[in-house]
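Below is one structure; the comments refer to it alone.
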Amino acid sequence: MIKFGKRASIYSPKDKQMCADHDRREGEGINPDEYTLIKLKVLELNDKMKEKLDGRNVYLVAATLRPETMYGQTNCYLLPTGEYAAV
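In case it helps, the numbering used here puts the sequence shown at residues 20 to 106.
Encoded structure:
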């Protein structure tokens, strides 16, 4: 998907250009979705994170299809045993 003007458009990697929905080999009728990303600043780092990220601003990025649900969000929960990457 690419953004053209003020509307999302379907992009064909094979033809390297925008195309109409019915011109696709597969996926006809599947329209692009618009995600909203919200940056949440990490206020306290755990010991493992402090080793590598101390002195840096660290943010978590939450993605949603329904941005109206994000107003007033103050918490973000992570899986303690999960593997994460800092980029």
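Glycine included, C-beta positions come from ideal geometry on N, C-alpha and C.
Under DSSP, the alpha helix (DSSP H) around L97 begins and ends at which residues?
Counting from one through the sequence shown, the residue named residue 97 turns up at place 78. Neither: L97 is in no alpha helix (DSSP H) and is coded neither H nor E.
Starting from the C-beta of G48, find all residues in its chain whose C-beta is less than 8 angstroms away, skip the five residues before and the five after it, and write them out in chain order.
As a working mapping, residue 48 is identified with position 29 in the sequence shown. D40, listed in sequence order.
Straight-line Cα distance separating P51 from P32:
Position 13 of the sequence shown holds residue 32. Position 32 of the sequence shown holds residue 51. Cα-Cα distance, rounded: 15 angstroms.
Do V80 and K60 come within 8 angstroms of each other at the CB atom, strictly closer than that value?
Against the sequence shown, residue 60 aligns to sequence position 41. Against the sequence shown, residue 80 aligns to sequence position 61. For K60 and V80, no; Cβs fall outside 8 angstroms.
L103 and A82 look like a contact to me (Cβ under 8 angstroms); what is the Cβ gap, rounded to whole Å?
Taking the sequence shown and counting its residues from 1, one reaches residue 103 at position 84. Taking the sequence shown and counting its residues from 1, one reaches residue 82 at position 63. It is worth fixing the name first, because residue 103 is Tyr in this sequence and not Leu. With a Cβ gap of about 15 angstroms, Y103 and A82 do not count as contacting.
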